[in-house]
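Structure first, then comments.
In the numbering used here, the protein residues as written are 369 to 856.
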């Protein structure tokens, strides 16, 4: 072969080799990235070529699918009572993507999960159309309805309810809310509707039960009471060494109580019943920042929770001086908690000191309803001993049942209810209307089926009318009654 031909042959060989390398690079190295690229229209067409599987509550779907027209995306998502369920399901939109369970369990719902490979292969052989699987939740429909109904006329707020013995989430409500159905398609109208919701100053797309952290106010005194009992230095019914007024260490500032309540040397039980800032502030300061951080973290503070939707970390600062620790120990300063976190606090107390990992997906099911995965209850921590938990239960029950207790609006005839109110400061120098909290649990003869946390941001209420016992406790009562009604 002469020299020019040899050069041409070598050049052509190199071109073929480059083509083979490029082809293998695309097919094997970049395959997943190209398949999931948002600009790959074929992925979207395939995703919406068949109805999605459903999200199930109490054995019934709260979602559905609807055939569309005038687009190559054949089916879009629908919801039943979307504003009530969106804090649980999230949204699945052809134009903006998916969130929460609709996103996390997308593989099951579309039928693309690797655990459904055998099923997909069998369907290809038999010619059966591809189907999505179902996500069965732990939610209680009656409890969710009670939570949503209680909140929707109160402006902004959230509810989280947990089954203490297992960690199952029974209700997760947030207001103001939105209907995911109104932007589930890919039209200009869907896009405009989403943009309007996204820019709304009241943040209807925000899941306040999981993603908003609030100053917990006096509900945090439950954590401080637990720390006090666990230290061994305090007894529920013995006087504390608490002067009135009490000046915070390193300052000339007395810590104020809300009104002329009996806080001087009050017992823990009385201090919780009437909500003494001085008693719990001094306890937190005396125990010290390290001890308070340790107890708060046993309840779940300073760590994100995944249920499986991510919940923001609730905060108890690990670097504070004694006066800052005092303020944080009554739920102020920079202490912040999600409603889920405060439901976890009540849940651990109600479950005799054992905190279970909260979760809201019970089972993942294949299209033929075979179980692919089932969540088993898992212990997260032991914030307090069984004895101390039962002592704290009796203290919380005093808050609801005794004359002068701040939680009397949560009483349920024939049911033992323990609770703690909170009215948390909001804004610089408490210039904004405060947040109203109520944290509680209910017990029947067969155990404690529910623990609840409620927070209300009622911008329409008069400032003097805002209290945890007045605004939040009736909502908690309705949620507890809904759960108990199903257990009786």
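Yeah, the Cβ is synthetic: ideal placement off N, Cα and C, and Gly gets one too.
Report all residues from its chain with a CB closer than 7 Å to the CB of residue 549; omit the five preceding and five following residues, and keep chain order. Closer than 7 Å at Cβ, skipping near neighbours: 446, 447, 450.
Can you have a look at residue 631 and say buried or exposed, based on whether 16 or more other CB atoms are within 10 angstroms of its CB? Classification of residue 631: buried, given that the 10 Å Cβ count is 16 or more.
Expressed to the nearest angstrom, what Euclidean distance is found between the alpha-carbon atoms of residue 576 and residue 542? Looking at the two C-alpha atoms, the distance is approximately 6 Å.
Suppose the cutoff is 7 Å on Cβ atoms and the five residues either side in sequence are ignored; what does the same chain contact list for residue 617 look like? Taken in chain order, the residues that qualify are 653, 690, 691.
When DSSP builds the beta bridges, which residues end up paired with residue 623? 614, per the DSSP bridge assignment.
Unbroken alpha helix (DSSP H) run spanning residue 391, endpoints: Per DSSP, residue 391 is one residue of the alpha helix (DSSP H) stretching across 371-392.
Cβ pair count under 8 Å reaching 3, the segment 704-720 against the segment 811-823: Contact holds: three or more Cβ-Cβ distances are below 8 Å.
For the alpha helix (DSSP H) that contains residue 322, what are its first and last residues? As shown, the chain starts at 369 and ends at 856. That puts residue 322 outside it, with no answer to give.
Classify residue 484 as helix, strand or coil using the three-state DSSP reduction. Here residue 484 carries a helix assignment [DSSP, helix/strand/coil].
With 16 other Cβ atoms within 10 Å as the buried cut-off, status of residue 386: Here residue 386 is exposed. Its C-beta has fewer than 16 other C-beta atoms within 10 Å.
What's the C-alpha gap between residue 726 and residue 384? A direct Cα-Cα distance of roughly 57 Å separates residue 726 from residue 384.
Considering only DSSP beta bridges, list what residue 502 is partnered with. According to DSSP, which records beta bridges pairwise, residue 502 is partnered with 733.
Candidates 627, 382, 656: closest to residue 642 by CA position: Residue 627 is the option with its Cα nearest to residue 642.
Across the segment 526-538 and the segment 555-566, are there enough close Cβ pairs to call them in contact, namely three or more that are closer than 8 Å? Result no; under three Cβ-Cβ pairs closer than 8 Å.
Residue 666 and residue 614: beta carbons closer than 7 Å? Going by C-beta atoms, residue 666 is not nearer than 7 Å to residue 614.
Would you report the Cα separation of residue 546 and residue 504, rounded to the nearest angstrom? For residue 546 and residue 504, the distance between alpha carbons rounds to 22 Å.
Opposite residue 790 in the DSSP bridges: which residues? Looking at the DSSP assignment, residue 790 forms a beta bridge with 805.
Just to confirm, is the Cβ distance from residue 501 to residue 421 under 7 Å? Contact annotation: residue 501 and residue 421 have beta-carbon atoms nearer than 7 Å.
Same chain, Cβ closer than 8 Å to residue 694, five either side skipped, listed in chain order: Once the five neighbours on either side are set aside, the close Cβ partners of residue 694 are 616, 617, 623, 649, 650, 652, 653.
Using C-beta distances below 7 Å, list every residue in its chain close to residue 415, excluding the 5 sequence neighbours before and after it, in chain order. Here the set comprises 478.
Would you mind sorting residue 373 into buried or exposed? The rule is 16 or more other CB atoms within 10 Å of its CB. By the 10 Å Cβ count, residue 373 comes out exposed.
Pull up the CB-CB distance for residue 757 and residue 721, whole angstroms please, since I reckon it's below 8 Å. That pair is a contact at about 4 Å.
So, residue 528 versus residue 540, is the Cβ gap smaller than 7 Å? Closer than 7 Å, so yes.
Taking only three categories from DSSP, how would you classify residue 754? Residue state, collapsed to three classes: helix.
C-beta atoms of residue 499 and residue 735 nearer than 7 Å: One thing to note: residue 499 has its Cβ within 7 Å of the Cβ of residue 735.
Report the partner residues of residue 659 according to the DSSP bridge assignment. Answer by DSSP bridge pairing: none, since residue 659 is not bridged.
Inspect the beta-carbon positions of residue 684 and residue 647 and report whether they are closer than 7 Å. Not closer than 7 Å, so no.
For residue 636, which option in 664, 429, 601 has the closest C-alpha, if you only look at C-alpha atoms? Of the listed residues, the one whose Cα sits closest to residue 636 is 601.
Are residue 469 and residue 458 closer than 7 Å when you measure CB to CB? Going by C-beta atoms, residue 469 is nearer than 7 Å to residue 458.
C-alpha gap between residue 434 and residue 464, whole angstroms: Distance between the alpha carbons of residue 434 and residue 464: 18 Å.
Between which two residues does the beta strand (DSSP E) containing residue 817 stretch? In the DSSP assignment, residue 817 falls within the unbroken beta strand (DSSP E) covering 815-825.
If you check the beta carbons only, do residue 788 and residue 767 fall under 7 Å apart? For residue 788 and residue 767, yes; Cβs fall inside 7 Å.
Could you check the C-alpha separation between residue 792 and residue 581 for me, to the nearest Å? Taking the straight line joining both Cα atoms gives about 12 Å.
Pull the bridge partners of residue 783 from the DSSP assignment, please. In the DSSP output, where bridge partners are listed per residue, residue 783 has 780.
Between residue 843 and residue 810, is the Cβ-Cβ spacing less than 7 Å? Inclusion of residue 843 and residue 810 in the CB contact set at 7 Å is not warranted, their separation being larger than that value.
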